[in-house]
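Worksheet: one structure, shown below.
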Amino acid sequence: MMNLPMSARKITMPCVMEEPPYILPDGSPTLVELLKDCDSFRKEGSNSVTKSDDTSHHIIDIDALHVPPAVPFVLAFNNLEYSVTLRQRFGFSSTSVKTLLDDVSGEACDGDILAVLGASGAGKSTLIDALAGRVAKESLRGSVTLNGDNVLQSNLLKVISAYVMQDDLLFPMLTVKETLMFASEFRLPRSLSKSKKMERVEALIDQLGLRNAADTRIGDEGHRGVSGGERRRVSIGMDIIHDPIVLFLDEPTSGLDSTNAFMVVQVLKRIAQSGSIQSITQLSKWDCLWITFACGLFFRILFYFALLFGRKNKRT
């Protein structure tokens with residue numbers, strides 16, 4: 001069995017500008033404190049509202065929350081370990097434990113694109129699933145924090161994040177605009193008027209570069225519709241309609257040609273510049289070149305190397 005040294009299992013490359021890792025300044029509120037302040041302010045404002053004003057829309061004054069004007073979000077994960085128990089094909093009592101993640105650490109700030117690279121079966125999708133809270137918490141060790149708050153012990157990250165799966169699950173009979181409007185009805189607050197939702201959809205269409213295809217049907221194998229790259233951008237749009245803080249994507253450029261892959265990466269760059277944290281898995285070498293070219297100084301990449309051969313449960 002081949003064992004690689006610890007230094008070969010995890011390599012982190014810093015930003016091009018070689019900035020030091022971000023540390024929250026003293027007195028900066030955590031994410032939970034920000035949400036609590038917003039919630040308490042909303043409750044205080046609702047006490048003075050009469051019944052006739054229940055259907056109106058209320059605006060929360062951010063300045064009244066006494067929050068620093070710019071508090072960047074930092075998603076950090078430290079010493080993540082994840083293992084699963086495998087039962088032997090023959091025999092009822094014999095089991096074995098397979099380690100999928102072994103001491104993985106890293107961080108990403110808002111405005112960052114974090115890409116995970118590795119060989120097939122290295123654990124790239126498992127790492128993203130662990131960060132997104134989509135694995136069994138009992139088998140996951142380590143910490144995942146957002147602005148210092150542990151998100152593994154709560155459902156907070158699921159509320160403020162979005163996960164774009166590899167497969168595009170779209171209705172072929174709807175147009176691009178109708179698809180995004182359909183998503184807005186489920187993901188945006190009910191108190192938001194239809195005109196406000198339409199404004200959000202129109203802005204998102206421009207952000208995704210789908211203006212020319214806004215009235216085109218999605219289509220399927222038997223009916224011509226949008227291109228593969230446009231379908232992928234629509235899928236991304238459905239999951240970011242509520243403007244999440246963290247965006248996870250599983251193989252966003254899989255099955256796309258170089259032109260469509262480049263356009264998808266450009267969209268991800270614009271989303272990252274708007275203040276979101278993005279994590280991407282399964283990128284080819286050409287996709288890495290597209291990201292490097294399209295994102296420039298916004299590109300941060302985490303190289304995660306796992307052993308190419310099976311490992312025992314005991315750490316070496």
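Residue numbering for the sequence shown follows UniProt numbering, starting at 1 and increasing by one per position.
Glycine included, each C-beta is placed from N, C-alpha and C at the ideal position.
Residue 201 is positioned such that its CB atom lies closer than 8 Å to that of residue 180.
The bridge partners DSSP lists for residue 97 are 85.
Per DSSP, reduced to three states, the secondary structure at residue 220 is coil, with no helix or strand assignment.
DSSP places residue 206 inside the alpha helix (DSSP H), whose first and last residues are 194-208. Between the segment 262-272 and the segment 180-199 there are fewer than three C-beta pairs closer than 8 Å, too few to call the two in contact.
With respect to the 8 Å criterion, residue 83 and residue 139 are classified as neighbours on the basis of their beta carbons. Nearest neighbour of residue 252 by Cα position, chosen from 240, 74, 221, 168, turns out to be 168. Excluding five sequence positions before and after residue 98, the CB atoms of its chain that fall closer than 7 Å to its own CB belong to 83, 84, 86, given in chain order. Its chain contains no residue whose beta carbon lies nearer than 6 Å to that of residue 259 once the 5 sequence neighbours on both sides are disregarded.
In the DSSP assignment, residue 259 falls within the alpha helix (DSSP H) that extends over 258-273. By the Cβ-count criterion, residue 278 is buried, with 16 or more other Cβ atoms from all chains shown falling within 10 Å of its own Cβ. Under the three-state reduction of DSSP, residue 105 is assigned to strand. Apart from sequence neighbours up to five positions away, the residues of its chain that approach residue 205 with a beta-carbon distance below 8 Å are 176, 177, 180, 211, 214, 237, ordered along the chain. Secondary structure at residue 212: helix, using DSSP grouped into helix, strand and coil.
Around the beta carbon of residue 126, 16 or more other beta carbons sit within 10 angstroms, so the residue counts as buried. At the C-beta level, residue 247 and residue 184 stay beyond 8 Å of one another. DSSP places residue 141 within a strand segment (E or B) once states are collapsed to three. In this structure, residue 174 places its C-beta atom within 8 Å of the C-beta atom of residue 217.
Residue 150 is bridged by DSSP to 145. For residue 250, the enclosing beta strand (DSSP E) stretches over residues 246-250.
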